[in-house]
Amino acid sequence: MRIAVTGASGFVGGAVCRALASAGTAVLAFGRRPAVNAVHVGAARPTGPGT
């Protein structure tokens, strides 16, 4: 299952991303700070514009 989370660079969105990722769900994180989004979902390195 894949889930998109908006606000992933925030406090609540980050917690949601981490919980989903630890449960084995593929997470697509959207937020204002792409580098922080990658940290929240446990990505090896941030990807995309602005990184």
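Plus 14 on top of the position in the sequence shown (first one is 1) and you've got my numbering. Think of the CB as a built atom: it goes at the ideal place given N, C-alpha and C, for glycine as much as any other residue. All of these numbers come straight from a predicted model, not from anything done at the bench.
- If the five residues before and after Gly-21 are omitted, its C-beta is found closer than 8 Å to the C-beta atoms of Gly-27, Phe-44 and Gly-45, all from its own chain and listed in chain order.
- Around the C-beta of Ser-36, fewer than 16 other C-beta atoms lie within 10 Å, and the residue is accordingly described as exposed.
- Burial check for Leu-34: the Cβ neighbour count within 10 Å reaches 16 or more, so the residue is buried.
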